[in-house]
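> Dropping the structure in here first, questions after.
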Amino acid sequence: ETGVTQTPRHLVMGMTNKKSLKCEQHLGHNAMYWYKQSAKKPLELMFVYNFKEQTENNSVPSRFSPECPNSSHLFLHLHTLQPEDSALYLCASSPLARADTQYFGPGTRLTVL
Amino acid sequence: AQSVTQLGSHVSVSEGALVLLRCNYSSSVPPYLFWYVQYPNQGLQLLLKYTTGATLVKGINGFEAEFKKSETSFHLTKPSAHMSDAAEYFCAVSDPQAGTALIFGKGTTLSVSS
Numbered sequence: 033e034t035g036v037t038q039t040p041r042h043l044v045m046g047m048t049n050k051k052s053l054k055c056e057q058h059l060g061h062n063a064m065y066w067y068k069q070s071a072k073k074p075l076e077l078m079f080v081y082n083f084k085e086q087t088e089n090n091s092v093p094s095r096f097s098p099e100c101p102n103s104s105h106l107f108l109h110l111h112t113l114q115p116e117d118s119a120l121y122l123c124a125s126s127p128l129a130r131a132d133t134q135y136f137g138p139g140t141r142l143t144v145l
Numbered sequence: 004a005q006s007v008t009q010l011g012s013h014v015s016v017s018e019g020a021l022v023l024l025r026c027n028y029s030s031s032v033p034p035y036l037f038w039y040v041q042y043p044n045q046g047l048q049l050l051l052k053y054t055t056g057a058t059l060v061k062g063i064n065g066f067e068a069e070f071k072k073s074e075t076s077f078h079l080t081k082p083s084a085h086m087s088d089a090a091e092y093f094c095a096v097s098d099p100q101a102g103t104a105l106i107f108g109k110g111t112t113l114s115v116s117s
């Protein structure tokens with residue numbers, strides 16, 4: 033596969049469930065990002081990883097827990113979510129976390145019941 | 004701090020008409036500028052970017068944008084709209100000196116009617 037892939041593409045979960053979103057990039061990049069995109073709201077940057085180290089956390093609630101085991105994989109672990117967390121979650125990667133072009137995956141559409 | 008403003012959250016054009024999507028930025032240093040497009044239920048796709056050099060940048064699908072430093076603008080244009088251009092468009096700015104990640108505008112939804 034090429035580019036940035038995300039699984040699953042769609043996810044429905046209850047507020048008490050625990051689930052994980054997966055992102056994989058096949059571009060040889062060193063930086064990876066999680067964004068939240070809600071209807072009628074701007075794109076929200078959640079987390080930034082550079083060479084597997086978290087370099088940015090934009091005041092994201094602890095019910096979202098990122099994990100970056102290597103430069104190619106990024107996870108977002110979800111637990112005890114709220115209905116307002118329903119959104120499109122986008123993963124992106126770039127060569128470096130320094131003003132570089134970001135390449136996006138197709139997103140995971142999350143619905144919290 | 005950098006910021007980007009997209010004027011008009013929704014733009015409607017007829018098929019074959021000129022497309023003009025406006026983007027103004029704020030930056031104390033020469034910025035990098037980007038336009039992305041997002042089709043329904045998909046991720047963002049890079050249309051074009053300006054880093055240095057020629058101020059008129061050509062991108063994919065017939066789009067182009069011009070960096071105008073004096074106007075702090077980076078408007079996106081296409082001479083003739085096609086139905087398939089209907090999507091959401093995002094302008095983004097970054098500071099190459101500070102090494103900041105991209106800052107995105109709120110997006111402009113383009114509708115194309117036949």
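These protein sequence lines map, in sequence, to chains U and E.
Read left to right, the first sequence gives residues 33 to 145 (my numbering).
Read left to right, the second sequence gives residues 4 to 117 (my numbering).
The beta-carbon is built from N, C-alpha and C at its ideal position, and this holds for glycine as well.
Mapping DSSP to helix, strand and coil, what is glutamate 67 of chain E?
Strand at glutamate 67 of chain E.
> Under DSSP, the beta strand (DSSP E) around serine 114 of chain E begins and ends at which residues?
Counting along the chain, the beta strand (DSSP E) containing serine 114 of chain E begins and ends at 111-116.
> If distances are taken between C-alpha atoms only, which option among E/Gly62, E/Ala89 and E/Met86 comes closest to leucine 79 of chain E?
Per the Cα distances, E/Gly62.
> 7 Å is my cut-off, CB to CB: does phenylalanine 136 of chain U come that close to chain C?
The displayed structure is made up of protein chains U and E, and chain C is not among them.
> Quick check on proline 115 of chain U: does DSSP put it in helix, strand or coil?
The answer is helix: DSSP assigns proline 115 of chain U an H, G or I state.
> Tell me which residues share the same chain as lysine 72 of chain E and place their Cβ nearer than 6 Å to its Cβ, disregarding the 5 neighbours each side in the sequence.
Excluding sequence neighbours, lysine 72 of chain E sits near nothing in its chain.
> Would you check if there are 3 or more beta carbon pairs closer than 8 Å linking the region 110-125 of chain U to the region 134-145 of chain U?
Yes: at least three Cβ pairs fall under 8 Å.
> Can you confirm whether leucine 122 of chain U, when its beta carbon is compared against all beta carbons of chain E, has any partner nearer than 7 Å?
Yes, its Cβ sits closer than 7 Å to a Cβ of chain E.
> Whole angstroms is fine: what's the gap from valine 32 of chain E's alpha carbon to aspartate 132 of chain U's?
Distance between the alpha carbons of valine 32 of chain E and aspartate 132 of chain U is about 16 Å.
> Would you call alanine 57 of chain E buried or exposed, if buried means 16 or more other Cβ atoms sit within 10 Å of its Cβ?
Per the 10 Å Cβ criterion, exposed.
> Mapping DSSP to helix, strand and coil, what is serine 97 of chain U?
Note: serine 97 of chain U maps to strand in three-state DSSP.
> Glycine 19 of chain E: buried (16+ other C-beta within 10 angstroms of its C-beta) or exposed?
Exposed, by the Cβ-count rule.
> Starting from the beta carbon of glycine 139 of chain U, find every residue of chain E whose beta carbon is closer than 8 Å, and list them in chain order.
Within chain E, the residues near glycine 139 of chain U are Asn44, Gln45 and Gly46.
> Using three-state DSSP, classify serine 87 of chain E as helix, strand or coil.
Of the three classes helix, strand and coil, the one that applies to serine 87 of chain E here is helix, per DSSP.
> Below 7 Å between beta carbons: does that hold for valine 115 of chain E and alanine 90 of chain E?
No.
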